[in-house]
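Enquirer: Quick one: the structure is below, and I'll ask about it shortly.
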Amino acid sequence: MSGKAAHNIIKRPLLTEKGTRLKDSGGALPGTVTPETVKPKVLFEVAKTANKVEIRKAIEALFSVKVVDVHTQIVRGKEKRVGKNSGMRSSWKKAIVTLAQGNKIEFFEGV
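Everything in the sequence shown is counted per the working numbering, starting at 1374 for the first residue and increasing by one.
If you want it as structure tokens, here you go:
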């Protein structure tokens, strides 16, 4: 993993409505997917310097699953105000990880 530890690459899971929908359907339209054919997708916040190969290896090492695909996205920080003062939230990187059929990460189950 080119000198980076897996727990330093994967910061935290993202538990959102969209993430739950992707976990259940794999992004397919409702009614077109069966439990046997679904490839679940899970969302993580990752280090901004991490690339797709490092993210794939970190997920496989931490959770013992087979990763099929990794998509990444930079989420830009928003401008926030408190009274007269304004500032910016930090930008961060999101990874959408597609798992092989039948694989699942127990952390996300029951959510």
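Cβ coordinates follow ideal geometry from the N, Cα and C atoms, glycine included.
#1: Taking only three categories from DSSP, how would you classify S1459?
#2: Could you tell me the alpha carbon to alpha carbon distance between V1426 and K1412, rounded to whole angstroms?
#3: Which whole-angstrom value describes the C-beta separation of K1439 and N1476, a residue pair presumed to lie in contact below a C-beta threshold of 8 angstroms?
#4: Can you give me the C-alpha to C-alpha distance between K1391 and A1401, rounded to a whole angstrom?
#5: Fully enclosed by the region 1396 to 1484, which alpha helix (DSSP H) runs are 4 residues long or longer?
#6: With the cut-off set at 8 angstroms, would you say L1395 and V1441 are in Cβ contact?
#7: Just how far apart, CA to CA, sit F1436 and A1379?
Expert: Reading off the structure:
#1: strand
#2: 19 angstroms
#3: 5 angstroms
#4: 12 angstroms
#5: 1425 to 1436
#6: no
#7: 10 angstroms
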